[in-house]
Amino acid sequence: MRLTATHHFARILRGATIVAVLASLGCAGYRLGPTGGLSATARTVQVAFFENLTKEPRLVEAVSHAFRKRLQQDGTYRLETAGAGDLVVTGRLKQFTRNGVSYTPGDVLQVQDYSLVLTAEVVVTERATGKVLLTREITGTSTIRVGNDLASGERQAVPLIAEDLARRAATLIVEGTW
12 MRLTATHHFA
22 RILRGATIVA
32 VLASLGCAGY
42 RLGPTGGLSA
52 TARTVQVAFF
62 ENLTKEPRLV
72 EAVSHAFRKR
82 LQQDGTYRLE
92 TAGAGDLVVT
102 GRLKQFTRNG
112 VSYTPGDVLQ
122 VQDYSLVLTA
132 EVVVTERATG
142 KVLLTREITG
152 TSTIRVGNDL
162 ASGERQAVPL
172 IAEDLARRAA
182 TLIVEGTW
(Lines of atoms letter the chains of each structure in order from A; the text may use other names.)
(Lines give C-alpha, C1' and ligand atoms only; values in the text may rest on other atoms or scores of the structure.)
Protein backbone atom coordinates (compact mmCIF):
# COMPACT_ATOMS: atom_id res chain seq x y z
CA MET A 12 0.00 0.00 0.00
CA ARG A 13 1.51 3.29 -1.08
CA LEU A 14 1.06 6.45 0.87
CA THR A 15 -0.16 9.42 -1.00
CA ALA A 16 1.50 12.80 -0.58
CA THR A 17 -1.38 13.94 1.62
CA HIS A 18 -0.98 10.99 3.99
CA HIS A 19 2.77 11.46 4.07
CA PHE A 20 2.37 15.17 4.89
CA ALA A 21 -0.18 14.34 7.64
CA ARG A 22 2.27 11.89 9.27
CA ILE A 23 5.07 14.48 9.21
CA LEU A 24 2.75 17.12 10.68
CA ARG A 25 1.61 14.73 13.44
CA GLY A 26 5.23 13.86 14.27
CA ALA A 27 6.24 17.53 14.39
CA THR A 28 3.29 18.29 16.69
CA ILE A 29 4.31 15.52 19.09
CA VAL A 30 7.90 16.78 19.15
CA ALA A 31 6.73 20.36 19.80
CA VAL A 32 4.46 19.25 22.66
CA LEU A 33 7.23 17.18 24.28
CA ALA A 34 9.73 20.03 23.92
CA SER A 35 7.34 22.51 25.55
CA LEU A 36 6.72 20.14 28.46
CA GLY A 37 10.43 20.14 29.17
CA CYS A 38 10.30 23.90 29.77
CA ALA A 39 7.04 23.91 31.75
CA GLY A 40 8.71 24.52 35.13
CA TYR A 41 11.19 27.14 33.96
CA ARG A 42 10.98 30.53 35.64
CA LEU A 43 12.84 33.75 35.03
CA GLY A 44 14.48 35.51 37.96
CA PRO A 45 15.06 34.11 41.44
CA THR A 46 14.01 30.50 41.81
CA GLY A 47 12.91 30.67 45.42
CA GLY A 48 10.64 32.65 47.64
CA LEU A 49 12.54 35.92 47.36
CA SER A 50 10.98 38.84 45.57
CA ALA A 51 10.97 38.43 41.80
CA THR A 52 11.38 42.20 41.45
CA ALA A 53 14.66 42.16 43.37
CA ARG A 54 17.63 42.53 41.05
CA THR A 55 20.40 43.78 43.34
CA VAL A 56 21.75 42.73 46.71
CA GLN A 57 23.82 44.61 49.26
CA VAL A 58 25.95 42.76 51.82
CA ALA A 59 26.20 44.80 55.02
CA PHE A 60 28.78 44.07 57.70
CA PHE A 61 27.89 41.36 60.16
CA GLU A 62 27.91 41.98 63.90
CA ASN A 63 30.63 39.91 65.59
CA LEU A 64 29.41 38.40 68.88
CA THR A 65 32.41 36.05 69.10
CA LYS A 66 35.77 36.81 70.66
CA GLU A 67 37.59 36.08 67.41
CA PRO A 68 38.94 39.01 65.40
CA ARG A 69 39.00 39.15 61.57
CA LEU A 70 35.79 37.17 61.12
CA VAL A 71 33.58 40.05 59.94
CA GLU A 72 35.87 41.04 57.09
CA ALA A 73 36.33 37.44 55.94
CA VAL A 74 32.59 36.70 56.01
CA SER A 75 31.62 39.93 54.22
CA HIS A 76 34.25 39.34 51.53
CA ALA A 77 33.17 35.70 51.06
CA PHE A 78 29.48 36.71 50.78
CA ARG A 79 30.20 39.35 48.16
CA LYS A 80 32.41 37.01 46.17
CA ARG A 81 29.89 34.15 46.28
CA LEU A 82 26.92 36.31 45.24
CA GLN A 83 28.94 37.82 42.38
CA GLN A 84 29.95 34.35 41.17
CA ASP A 85 26.35 33.15 41.25
CA GLY A 86 25.08 36.03 39.13
CA THR A 87 21.39 35.80 40.07
CA TYR A 88 21.60 39.21 41.74
CA ARG A 89 23.88 42.11 40.90
CA LEU A 90 26.04 43.10 43.86
CA GLU A 91 25.34 46.66 44.97
CA THR A 92 28.19 48.31 46.84
CA ALA A 93 26.78 51.84 47.16
CA GLY A 94 24.13 50.85 49.69
CA ALA A 95 21.04 50.81 47.49
CA GLY A 96 20.42 47.09 46.88
CA ASP A 97 16.90 45.72 46.56
CA LEU A 98 17.84 43.09 49.13
CA VAL A 99 20.07 43.67 52.16
CA VAL A 100 21.98 40.78 53.71
CA THR A 101 23.00 41.29 57.33
CA GLY A 102 23.54 39.08 60.30
CA ARG A 103 25.40 38.22 63.45
CA LEU A 104 28.39 35.97 63.89
CA LYS A 105 27.19 34.14 66.97
CA GLN A 106 29.68 31.43 67.83
CA PHE A 107 33.17 30.25 66.87
CA THR A 108 34.13 26.86 68.28
CA ARG A 109 37.13 24.54 68.17
CA ASN A 110 36.64 20.83 68.67
CA GLY A 111 39.46 18.30 68.78
CA VAL A 112 38.83 15.59 66.19
CA SER A 113 42.09 13.65 66.35
CA TYR A 114 44.83 13.35 68.92
CA THR A 115 48.55 12.64 68.87
CA PRO A 116 49.26 8.90 69.14
CA GLY A 117 50.51 8.12 72.62
CA ASP A 118 49.22 11.40 74.11
CA VAL A 119 45.43 11.63 74.28
CA LEU A 120 45.61 15.18 75.63
CA GLN A 121 47.55 16.60 72.65
CA VAL A 122 45.14 17.61 69.87
CA GLN A 123 46.43 17.00 66.34
CA ASP A 124 43.42 18.18 64.28
CA TYR A 125 40.69 20.67 65.15
CA SER A 126 37.28 21.15 63.59
CA LEU A 127 36.48 24.86 63.49
CA VAL A 128 32.82 25.89 63.29
CA LEU A 129 31.44 29.39 62.74
CA THR A 130 27.73 29.86 63.40
CA ALA A 131 25.97 32.93 62.02
CA GLU A 132 22.45 34.22 61.90
CA VAL A 133 21.81 35.49 58.36
CA VAL A 134 18.97 37.95 57.71
CA VAL A 135 17.76 39.01 54.26
CA THR A 136 15.54 42.10 54.18
CA GLU A 137 13.71 43.72 51.29
CA ARG A 138 14.88 47.34 51.33
CA ALA A 139 11.70 48.89 49.87
CA THR A 140 9.28 47.34 52.36
CA GLY A 141 11.54 46.44 55.28
CA LYS A 142 10.07 42.95 55.16
CA VAL A 143 12.37 40.21 56.47
CA LEU A 144 12.48 37.53 53.79
CA LEU A 145 14.87 35.13 55.47
CA THR A 146 16.28 34.58 58.94
CA ARG A 147 18.34 31.44 59.27
CA GLU A 148 21.18 30.14 61.42
CA ILE A 149 23.95 28.78 59.20
CA THR A 150 27.31 27.20 59.96
CA GLY A 151 30.62 27.19 58.15
CA THR A 152 33.22 24.55 58.98
CA SER A 153 36.83 23.63 58.31
CA THR A 154 39.36 21.22 59.76
CA ILE A 155 42.93 22.24 60.52
CA ARG A 156 46.06 20.37 61.50
CA VAL A 157 47.54 22.14 64.49
CA GLY A 158 51.26 21.54 64.08
CA ASN A 159 53.28 23.91 66.23
CA ASP A 160 51.07 26.98 66.00
CA LEU A 161 47.29 26.90 66.59
CA ALA A 162 46.88 30.65 65.96
CA SER A 163 48.53 30.41 62.55
CA GLY A 164 46.34 27.44 61.59
CA GLU A 165 43.21 29.31 62.62
CA ARG A 166 44.28 32.41 60.71
CA GLN A 167 44.65 30.32 57.56
CA ALA A 168 41.31 28.55 58.14
CA VAL A 169 39.17 31.69 58.65
CA PRO A 170 38.75 32.41 54.89
CA LEU A 171 37.82 28.75 54.31
CA ILE A 172 35.20 28.81 57.05
CA ALA A 173 33.83 32.12 55.75
CA GLU A 174 33.63 30.71 52.21
CA ASP A 175 31.77 27.61 53.44
CA LEU A 176 29.32 29.79 55.38
CA ALA A 177 28.82 32.11 52.38
CA ARG A 178 28.27 29.18 50.01
CA ARG A 179 25.55 27.71 52.22
CA ALA A 180 23.87 31.08 52.78
CA ALA A 181 24.04 32.13 49.11
CA THR A 182 22.37 28.87 48.13
CA LEU A 183 19.50 29.66 50.50
CA ILE A 184 19.24 33.24 49.27
CA VAL A 185 19.34 32.42 45.57
CA GLU A 186 17.30 29.20 45.56
CA GLY A 187 14.97 30.20 48.37
CA THR A 188 15.08 26.73 49.93
CA TRP A 189 13.76 27.65 53.33
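Residue numbers (this note's numbering): 12 to 189.
C-beta: ideal position from N, C-alpha, C; glycine also.
Between the beta-carbon of Val185 and that of Thr87 there is about 5 angstroms, and that keeps the pair under the 8 angstroms contact cut. Taking the Cβ atoms as the reference, Thr150 lies roughly 7 angstroms from Leu176, within the contact range of under 8 angstroms. For Arg156, the enclosing beta strand (DSSP E) stretches over residues 143–156.
Between the alpha carbons of Thr15 and Thr28 lies a distance of about 20 angstroms. Here Gly111 has Val122, Tyr125 as same chain residues with Cβ atoms under 7 angstroms from its own Cβ, once five neighbours each way along the sequence are excluded. Taking all protein chains shown into account, Phe20 has fewer than 16 neighbouring C-beta atoms within 10 Å of its C-beta and is therefore exposed. At a cut-off of 3 residues, the continuous stretches assigned as beta strand (DSSP E) that sit fully inside the stretch 49–96 are 55–58.
For Ser113, the CB contacts under 7 angstroms within the same chain, skipping 5 residues up- and downstream, are Gln123, Asp124 in chain order.
If you draw a straight line from the Cα of Gly96 to the Cα of Arg69, it is about 25 angstroms long. Of the candidates Gln84, Glu62, Arg54, Gln167, the residue whose Cα lies closest to the Cα of Gln106 is Glu62. DSSP links Phe20 through a beta bridge to no other residue. Collapsing the DSSP output to three states places Gln121 in coil. When secondary structure is reduced to three states using DSSP, Ala180 falls in the helix class.
In the structure shown, the three-state DSSP call for Thr28 is helix.
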